[in-house]
Amino acid sequence: MSSATASSFDTWVKPTWCPGCGDFGILAAVKHALTDLAIAPHETLVVSGIGCGSKLPDYMHVNGFQTLHGRPLAVATGAKLANHQLTVVVVDGDGDAYGIGGNHFIHTVRRNTDVTHLVENNQIYALTKGQYSPTTPQGRVTTTSPEGVIERAVNPVALALTMGATFVARAFAGEPTHLAGVIKQAVSHRGYALIDVLQPCVVFNRINTYQWYSERIYKLDDAGHDPQDRAAAERAAVEWDDRIPIGVIYREDGVPTYEEQLPALRDGPLVGRSLTERAAFDGLKNQFM
Amino acid sequence: MDDEISVRIGGDAGQGVESIAGGFAKALARAGLHVFTAPDYRSRIRGGHNFHQIRAGVRPIFAQRTPADLLVAMTPETIDVHLAQLPPGAAVLYDEALRLEDRIRYRLDAEQLRARDLRLMPVPLARIAADHGSRVMMSTAALGALGGVTGVPLDMISEVTRDTFARKGADVVGANLAVAAAAHRVAEQRHGGFGSPLPHGDGRRRMLLHGNHAFALGALAGGCRFMAAYPMTPATSIVEYLASVAAEHDVVTKHAEDEIAAVCMAIGAAHVGARAMTATSGGGFSLMTEALGLAGITETPLVVVNVQRGGPSTGLSTRTEQADLLFALHASNGEFPRIVIAPGSVEECFEAGWRAFNLAERYQCPVIVLSDLFLASSLQTVEPGAFDLDAVPIDRGALVASGTASILGGETSHRTVGDGSAGKTATAHAWEPGTYPRYAVTDSGVSPRPLPGDPAAVFGAASTEHTQDGHITEEVHTRVAMMRKRMRKEQAALREDIRAPRRFGPEEPELTLVCWGSTVGAAREVATQFTATGRPAAVLQFHDLWPFPAAAAAAALDVAGLTIGVEQNFTGQLAKLIRMSTGRQLDRQILAYDGRPFSPQEILTAVEQALAGAEEIHLVSGEPPLPRETEVGVNV
């Protein structure tokens, strides 16, 4: 990948991420994927939550919307329903997606709204300086778990799969070219697409480092994985520790999206409708007479 | 009372009290009467005593009234509970199979009832229902009998019965019509023309609807395109109504997973250009407050309706209240411009439906509409001409038409759509190079607003402080400039759109009742009565509550005589707001927080006490207490 090809998404703002942060790879991959898909900045809405990774839309020339901690999926859902012609990408962290926004995650999955959901999963709360997150492994010592995390970690990939997600993938921030390929597939997919991105935090997560991941990850494509094979997907979803698969784990095509099933959207996006050329209102008043 | 009739219908939840009341109210409206209904229910689906009161008369009615001329009792408990509220000469219509002598559970005694000069009107409702249709049609029998004793012609009862059951097919309609007709005939023969005959209507057709439906109609007329909500009584009927007409009227309604999602969805939809709203009650509004701040700082035109009631978590779940005013003014952390309006009648709910969107887009800020359970669910007749859906003005403020925004040498040029009056002073100053200066600093505080998708104006929006082109910043001068820019919108709104309090009644009153929201209806009735007795009394209604019209409020209070605040809360929230904004203190306060709507009679009595010197009167409704509810359960 060369930065020149993605320059239409470049902006004057310089990221405030720590040197070596996994978010740099994710930013490069998002720009590259959108460029390859020939989607222009104005056709895109990148919605984020709160946290280091959620600053991503600020570092792109794109319609960006940084929202609240945990809420980007809900905001993105409203945006997509109001203008389903926009390419909507949600970028948030493991705390946003699986913790405070867990309820929205569950319901966005089962809704199958056509949004791409990139979760920057560093298994730690970094911007608040090192508390455990929903994906922090059990037993890990952090500032809020001095005796080790008691709860089991969320497996977002398996969770999304069991809830009926139509596109589930895992990727690694240290492999931005591979990540860009996964993003392209996710954006092209009609329906909700989760990409859980393993993203090393070089300051607060000294265990799940680039090296730790590099020793474990393998690409599902290279292993001949068929993402349409449900049983294989379920096996890949729970594979962790010694070998961690990355790539598209599951894909189900042809499932109608939420917005495709709304009668009011059949004639095009809501935002295009005239507010002054109204349907006949007389019938409405008669209902109450 | 010759020009008015008051009927109360009570029974167990699930017995069709609401459908009897709704049907009877509709028949009265079609008879050309002005109608006002007040529901009273508890937080349960089946069982437990509910009632509904209907007033109908030859003049417009804006409040409930106790007592009732006629009680329709679906259970002995109904009579037991409401007995104390019935004046001498009142009538009680009930199923003759009801065992009024059940002294184990009830205090009732037929002799006692007669001794109170009550007219007992037994009708074999259950038998008629079973003979002509089926036992489940008891409520239809009650409606028919009610028509028979009050003189509402059978064809009007039949018409509403047909409307009610049309969806269920010809067989069901036919059976119900037969039940209604038989009950009407028997009741008329046995008890027709009871003490309070039906006043003569003027034959005009009026709409009969409650505040929530009126609000939804106003929103539709105002171009509402998106509503997300989590069901919460008493707001739910807004989204239910819009969902029922969504396909034909270009609206998407979304039943969200929770209130936080609902408000965030509305923000997302509004951000990309759809007129979007959510509606909830106090508890749900509490959950929405963080997102309210998001709408504030991202300058998203968001409409939030808070239909106030108590609990959860502080009060009575199914009871009315006006206790979220100060909360609405301050909801969310930090500071950002907002507009708070509070309709006080069904007509004003309709207007609030479209006006809230115009205000939200003109000032690109959240608009909170404060309604309450009583206003939201009381059916009221309104002149159809009061709702001119086709004539509703739509003002999209400084919305930039797609493709027309451009960035030229440090200035924006743009063309606005709508009448664009809020954009007149929206001249952009300098900004950092890059994306479109969505948050350009302007004199009015309102910045030209393109929509995502516009090829000429890519922009960022951030929930934290940002530059004019939407990039996050902590730089001090930008922060100060953006705060000042945003907060200027409140001054602009105050200048151009915020209404002064409205006075009803004489110009130089001896006393003025100071109100907001649905309390205005009862207060107006009281003021009229006072004025009629030679003591000029007025009502001062505060409709637009934030930004607070302080100068106009002070001027109105100067000529108000003795001022008496009348509010449905413990602390006198409007009085506090007035004092906070003008330094003036109301002379007296009448406060109620028992969850029951004000009736004019109780305000009248309290005003007499206030005139006698009582500074603060805490009202307890004269509605019947229901101490026996648990005893019923124990004894059965």
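From first to last, the protein sequence lines stand for chains A and B.
Each residue of the first sequence is one higher than the one before, starting from 1 at the first, in our numbering.
Each residue of the second sequence is one higher than the one before, starting from 290 at the first, in our numbering.
Just so it is clear, CB atoms sit at the ideal spot from N, CA and C, and this is done for glycine as well.
This one's a predicted model, so the numbers in the text were calculated from it and none came from an experiment.
Counting only the Cα atoms, Ser575 (chain B) lies some 39 Å from Ala40 (chain A).
Positions of the beta strand (DSSP E) runs, each at least 3 residues long and wholly inside the region 837-874 of chain B, are given as 851-856 in order along the chain.
Linking Gly99 (chain A) to Val255 (chain A) through their CA atoms gives a straight-line distance of about 27 Å.
Between His421 (chain B) and the set B:Val462, B:Asp661, B:Tyr725, the nearest pair of CA atoms involves B:Val462. Across the structure, Arg235 (chain A) and Leu161 (chain A) are spaced so that their CA atoms are roughly 11 Å apart. The residues Arg495, in chain order, have a CB closer than 7 Å to that of Glu672 (chain B) in the same chain once the five nearest residues on each side in sequence are set aside. Residue-level contact check: Ala751 (chain B) touches chain A, since one or more beta carbons of chain A fall below 8 Å from its beta carbon. Look at Val596 (chain B) here: in three-state DSSP terms it is strand. Inter-segment contact for the region 530-544 of chain B and the region 59-73 of chain A is absent: fewer than three beta-carbon pairs are separated by less than 8 Å. Nearest CB-CB separation between Lys774 (chain B) and chain A: not below the 8 Å threshold. The alpha-carbon of Phe9 (chain A) is positioned some 30 Å away from that of Leu265 (chain A). Listed by position along chain B, the residues whose Cβ is nearer than 9 Å to that of Asp58 (chain A) are Gly749, Ala751, His755, Gly759, His760, Ile761.
Exposed is the label assigned to Met869 (chain B), since fewer than 16 other Cβ atoms lie within 10 Å of its Cβ.
Contact of Leu118 (chain A) with chain B is not assigned, every C-beta pair being separated by 8 Å or more. Bounds of the alpha helix (DSSP H) holding Pro365 (chain B) are 365-371. For the pair Trp835 (chain B) and Gln611 (chain B), the CB atoms are not nearer than the 8 Å cut-off. Per DSSP, Val769 (chain B) is one residue of the alpha helix (DSSP H) stretching across 765-785.
Annotation for Thr589 (chain B): Ile556, Ala559, His560 place their beta carbon closer than 6 Å to its own, counting only its chain and skipping 5 residues before and after.
Looking from the CA of Gly582 (chain B), the closest CA among B:Ser606, B:Val656, B:Pro523 belongs to B:Val656. Here Phe105 (chain A) is buried. Its C-beta has 16 or more other C-beta atoms within 10 Å. Interface annotation, Ala558 (chain B): in contact with chain A, CB-CB separation under 8 Å. Looking only at A:Glu277, A:Gly49, A:Asp242, A:Glu215, the smallest Cα-Cα distance to Asp539 (chain B) is reached by A:Glu277. Taking the C-beta atoms as reference points, Ala899 (chain B) is found nearer than 8 Å to Ile879 (chain B).
For Arg792 (chain B), the enclosing beta strand (DSSP E) begins and ends at 791-793. Excluding sequence positions up to five before and after Ala430 (chain B), its CB lies within less than 6 Å of the CB of Leu414, Ile417, Ala418, Val468, Ala472, all in the same chain and listed in chain order.
When B:Ala617, B:Arg885, B:Met772 are compared, the shortest CA-CA separation from Gln353 (chain B) is found for B:Arg885. Put simply, the backbone Cα of Gly458 (chain B) is about 20 Å away from that of Gly311 (chain B). In the three-state scheme derived from DSSP, where H, G and I count as helix and E and B as strand, Thr142 (chain A) is classed as strand.
Judged by pairs of C-beta atoms under 8 Å, the region 74-84 of chain A touches the region 548-555 of chain B, as three or more such pairs exist. For Lys315 (chain B), the secondary structure class from DSSP, reduced to helix, strand or coil, is helix. A residue is called buried once 16 or more other Cβ atoms fall within 10 Å of its Cβ, and Ser423 (chain B), having fewer, is exposed. Following the DSSP letters along the chain, one finds Tyr652 (chain B) inside the alpha helix (DSSP H) bounded by residues 635-652. Under the Cβ criterion of 8 Å, Gln85 (chain A) is counted among the residues facing chain B. By alpha-carbon distance to Thr860 (chain B), the top candidate from B:Leu615, B:Val809, B:Thr767, B:Pro838 is B:Leu615. Exclusion of the five residues before and after Glu252 (chain A) leaves Thr166 as the residues of its chain whose Cβ lies within less than 6 Å of its Cβ. Taking 8 Å as the upper bound for CB-CB distance, Ser888 (chain B) and Ala811 (chain B) are in contact here, some 6 Å apart.
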